[in-house]
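For what it's worth, the UniProt record's numbering labels the leading residue of the sequence shown as 1, then goes sequentially. Have a look at the structure below before the remarks.
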Amino acid sequence: MDANELLKKVRKIEIKTKGLSQNIFAGEYHSAFKGRGMMFSEVREYQYGDDIRDIDWNVTARHNHPYVKVFEEERELTVMLLIDVSGSRNFGAMGEDKREMIAEIAATLAFSAIQNNDKIGVIFFSDKIEKFIPPKKGRRHILFIIRELLDFTPEQRGTDLAEVLRYMTDALKKRCTTFIISDFIDSHDYYKALSIANNKHDVTAIQVYDKRDAQLPDVGFMRVIDLETGRDRWVNTSSGKVRQAFNRWWYERQQQMIDRFNRCRVDYTSIATDEDFVKSLMGLFQKRGVR
1 MDANELLKKV RKIEIKTKGL SQNIFAGEYH SAFKGRGMMF SEVREYQYGD
51 DIRDIDWNVT ARHNHPYVKV FEEERELTVM LLIDVSGSRN FGAMGEDKRE
101 MIAEIAATLA FSAIQNNDKI GVIFFSDKIE KFIPPKKGRR HILFIIRELL
151 DFTPEQRGTD LAEVLRYMTD ALKKRCTTFI ISDFIDSHDY YKALSIANNK
201 HDVTAIQVYD KRDAQLPDVG FMRVIDLETG RDRWVNTSSG KVRQAFNRWW
251 YERQQQMIDR FNRCRVDYTS IATDEDFVKS LMGLFQKRGV R
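This is the structure:
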């Protein structure tokens with residue numbers, strides 16, 4: 001798209017998502033993704049009931065009297081968005097296409113993060129790491145991220161979630177809040193990489209899918225193209241067996257994905273492109289906030 005069209009789209013998304021983050025998500029985000037780490041604040045004299053594991057033995061030895069370390073919650077977070085830019089994100093048969101909804105969800109999370117004074121970074125991935133944007137604060141940084149979300153052209157079209165999870169685990173030393181935004185159409189096994197990543201970081205999965213990913217329409221012979229491999233074939237969608245087999249494949253793949261999230265204790269939500277993503281994000285935030 002040309003520069004003027006891109007600027008208009010960036011501005012449109014900013015107006016919509018900044019308003020959502022300020023008016024709807026600010027409190028929910030704050031309570032759902034509060035700082036998980038504890039940082040040292042001060043030492044004080046030991047009081048009855050203090051945990052002996054918090055005793056500062058060096059200070060205690062110097063003063064010949066027990067002192068304990070006092071910790072406070074680390075409020076400022078580093079938030080990472082892992083954005084799927086594979087070929088399948090360009091599919092859109094119902095409602096918005098995945099690409100546009102992913103951009104809006106990511107922008108909403110980004111504006112919510114800076115409302116909380118958090119840093120925000122992005123990793124674009126396909127079946128390789130396409131681009132890493134280091135975490136920073138500020139509106140200009142968010143607008144740069146939105147422009148990249150709308151206009152970024154990946155080198156590859158496939159998907160490898162394990163690759164981006166391994167990369168994040170190795171590249172980011174400090175614990176961070178991580179959102180994976182993808183349709184999760186991936187033939188690789190990413191369970192081990194997800195488990196390791198969630199042990200080090202706080203990982204949340206947001207699936208964006210089109211309902212046509214799950215169900216073929218009854219329209220006779222239809223040419224179907226795999227947007228990630230480029231392969232195509234003709235499918236007889238009038239056949240009930242064909243439609244049932246396709247739906248069964250989708251259901252089994254979804255169950256496998258959910259099983260991985262549950263076993264790794266990763267919070268998740270699934271959002272169809274013809275649905276209001278606000279409801280799903282609010283539900284996700286509220287579920288986390290009550291824990």
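Using N, Cα and C, we set each Cβ at its ideal position, and we do this for glycine too.
Per the coordinates, the alpha-carbon of Leu7 lies some 27 angstroms from the alpha-carbon of Asp210. By the neighbour-count definition (other C-beta atoms within 10 Å, threshold 16), Phe221 is an exposed residue. Separation of Met101 and Asp56 (C-alpha to C-alpha, rounded to the nearest whole angstrom) is 50 angstroms.
Residue nearest to Leu165 within the set Trp234, Phe179, Ile120 and Arg53 is Phe179 (criterion: CA-CA distance).
Pairing Arg147 with Glu14, the inter-Cα distance amounts to about 10 angstroms. Positions of the beta strand (DSSP E) runs, each at least 3 residues long and wholly inside the stretch 135–195, are given as 177–182 in order along the chain. DSSP, reduced to helix, strand and coil, places Leu7 within a helical segment of the structure shown. Relative to the Cα of Lys16, the nearest Cα in the group Val85, Ala110 and Arg260 belongs to Ala110.
The stretch 119–127 and the stretch 78–88 touch, with three or more beta-carbon pairs separated by less than 8 angstroms.
The beta carbon of Glu28 is closer than 7 angstroms to those of Met282, Phe285, Gln286 and Gly289 in its chain, skipping five residues each way along the sequence. Fewer than three pairs of CB atoms, one per stretch, sit closer than 8 angstroms, so the stretch 212–220 makes no contact with the stretch 187–204.
Counting along the chain, Lys128 sits inside no beta strand (DSSP E), nor does DSSP assign it H or E at all.
Between the alpha carbons of Trp249 and Ile105 lies a gap of roughly 27 angstroms. Residue pairing for Glu100: DSSP places it in no beta bridge.
Nearest to Glu42 by alpha-carbon distance, out of Asn116, Gln207 and Asp54, is Asp54. Pairing Thr159 with Asp267 gives a Cβ-Cβ distance that is not under 9 angstroms. The alpha-carbon of Gly138 is positioned some 17 angstroms away from that of Leu20. Inclusion of Asp97 and Thr269 in the CB contact set at 9 angstroms is not warranted, their separation being larger than that value. Under the three-state reduction of DSSP, Glu45 is assigned to strand.
For the stretch 242–287, the continuous beta strand (DSSP E) assignments of 3+ residues that do not extend past its boundaries occur at 267–272, in sequence order.
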